[in-house]
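These notes are about the structure you will find just below.
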Amino acid sequence: MKYTQLGRTGLKVSRLVLGTMNFGPQTDEADSHAIMDAALDAGINFFDTANVYGWGENKGRTEEIIGNWFAKGESRRDKVVLATKVYGNMAAEGDAWPNHDKLSALNIRRAVDASLRRLRTDYIDVYQFHHIDRRTPFEEIWQAIDVLVQQGKILYVGSSNFPGYKIAQANETAARRGGTIGLVSEQCLYNLAERRAEMEVIPAAQEYGLGVIPWSPLHGGLLGGVIKKEVEGGRRASGRAADSLANTTIRAQIQGYEDLLDKHGVEPGEAALAWLLTRPGVTGPIVGPRTAGQLESALRAVKLELGEELLAGLDEIFPGPGPSPEAFAW
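Reading the sequence shown from the start, the letters are residues 89 to 418 in this note's numbering.
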């Protein structure tokens with residue numbers, strides 16, 4: 089496994105991030121524990137989750153699965169850089185009160201203590217804001233975070249799904265307050281088929297020293313060889329991938345992508361991950377395996393070298409938007 093610093097921090101993290109969103113809803117606890125063991129054995133030390141994972145009436149279940157895995161011992165917690173998130177409403181359905189979500193100081197305090205209980209740990213390495221809160225000022229947010237850092241409950245803070253201007257606003261507010269390190273990472277939607285983050289979000293992250301952590305690196309399976317699987321195994325696409333393939337223009341684009349990779353003898357899913365690892369500012373993409381086999385495929389991407397001809401071909405099929413403001417101005 090290869091490692092890098094998380095943004096401008098001294099924290100060393102693996103170039104692949106283990107996403108846990110499937111733990112509980114798609115993958116049972118025993119298999120989830122086996123995947124985490126395999127990830128750790130392979131050198132993946134960066135695990136990402138969120139308080140709402142498990143979803144619906146099972147919100148918090150994913151954190152519980154991870155906590156039970158930590159409780160098995162053998163230095164599991166010490167080896168892991170643990171990231172979780174706050175924002176979503178954690179109250180039971182029909183029992184939501186006004187302060188059960190978002191980024192008020194009250195909810196941050198309540199949410200971090202609940203996550204610590206579920207995760208069966210006394211600290212969180214990277215505490216991430218899952219979304220922007222348009223009503224809560226960053227002065228209040230950073231005051232709440234400063235207290236948690238002083239208490240030793242969290243070490244670093246990251247954002248998720250932030251626009252570029254909010255990254256700037258958050259870190260400028262932190263700088264004015266003094267003594268607050270500010271955001272050190274941004275988790276955003278970014279992959280070959282969805283490159284809008286290159287316009288503003290990634291430049292802002294680089295300017296302020298945030299490590300970029302792309303989620304949905306295969307764009308809901310669309311970049312994982314979906315047409316090839318459909319033809320060879322009769323396995324039809326579902327969800328977002330199926331909706332996208334119903335568009336003839338997108339289907340032709342994905343066919344061209346798969347044909348290009350077939351020409352170079354590279355598996356589509358592994359190429360999509362390897363491409364992200366070449367991108368400026370990217371710490372590592374989040375992979376969310378449902379099975380051990382999917383984890384093995386993701387691990388191969390770390391060693392995959394994409395040649396200049398292949399990279400140029402990928403850019404031709406999936407052109408980025410260009411930087412701001414040139415992307416929308418002269």
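Yeah, the Cβ is synthetic: ideal placement off N, Cα and C, and Gly gets one too.
Item: Which of the three DSSP states is assigned to V289 in this structure?; Value: helix
Item: Is G176 closer than 9 Å to N146 when the C-beta atoms are compared?; Value: no
Item: DSSP on E384, reduced to helix/strand/coil?; Value: helix
Item: As a quick exercise: from P305, S326, S304, pick the residue whose alpha carbon is nearest that of V314.; Value: S326
Item: State the start and end residues of the unbroken beta strand (DSSP E) segment that holds W303.; Value: 299–303
Item: Using the rule of at least 16 other Cβ atoms within 10 Å of the residue's Cβ for burial, across every protein chain shown, is W185 buried or exposed?; Value: exposed
Item: Tell me the rounded alpha-carbon separation between A330 and K241.; Value: 42 Å
Item: Quick check on DSSP: helix, strand or coil for I220?; Value: coil
Item: Expressed to the nearest angstrom, what Euclidean distance is found between the alpha-carbon atoms of R265 and V237?; Value: 15 Å
Item: The ligand FAD and P409: does the residue's C-beta get closer than 8 Å to at least one heavy atom of that ligand?; Value: This structure lacks the ligand FAD, and indeed carries no ligand of any kind.
Item: Comparing C-alpha positions only, which one of W230, L398, E286, E227 sits nearest to L348?; Value: L398
Item: Measuring only the C-alpha atoms, how far is D125 from W303?; Value: 22 Å
Item: From this set, L280, T209, V300, which residue's C-alpha is nearest N249's C-alpha?; Value: V300
Item: Any idea if W230 is buried or exposed, counting beta-carbon neighbours within 10 angstroms, 16 or more meaning buried?; Value: buried
Item: Taking all protein chains shown into account, do 16 or more other C-beta atoms lie within 10 angstroms of the C-beta of R149, making it buried, or fewer, making it exposed?; Value: buried
Item: With respect to the beta strand (DSSP E) encompassing S412, which residues constitute its N-terminal and C-terminal limits?; Value: Here S412 belongs to no beta strand (DSSP E), and DSSP marks it neither H nor E.
Item: Can you tell me whether K254 is helix, strand or coil according to DSSP?; Value: helix
Item: Please work out which residues of its chain come closer than 8 Å, Cβ to Cβ, to A263, disregarding the five sequence neighbours upstream and downstream, and give them in chain order.; Value: G270
Item: Taking DSSP as the reference, what is the three-state secondary structure of Y91?; Value: strand
Item: On the DSSP letters alone, give me the boundaries of the alpha helix (DSSP H) that G344 sits inside.; Value: 336–352
Item: So what does K190 bridge to, in DSSP terms?; Value: BP columns for K190 are empty, so no partner.
Item: Keeping to the same chain, check which residues put their C-beta closer than 8 Å to that of V47; ignore five residues upstream and five downstream.; Value: Only positions 89 to 418 of the chain appear in the structure, and residue 47 is not among them; the question remains open.
Item: Do I153 and T92 have their C-beta atoms closer together than 9 Å?; Value: no
Item: Taking the alpha carbon of E162 as the point to measure from, which residue in A193, L277, G182, D129 has its own alpha carbon closest?; Value: D129
Item: Compare the beta carbon distance of L99 and Y244 with 9 Å and say whether it is the shorter of the two.; Value: yes
Item: Among H219, W157, N187, whose alpha-carbon lies nearest the alpha-carbon of R208?; Value: W157
Item: Below 8 Å on the Cβ atoms is my guess for E288 versus R206; work out the distance and round it to an integer in Å.; Value: That pair is no contact at about 34 Å.
Item: On the DSSP bridge assignment, give the partners of F111 in chain order.; Value: T115
Item: So, D136 versus Q275, is the Cβ gap smaller than 9 Å?; Value: yes
Item: Are the stretch 352–365 and the stretch 394–408 touching by the rule of at least three beta carbon pairs closer than 8 Å?; Value: yes
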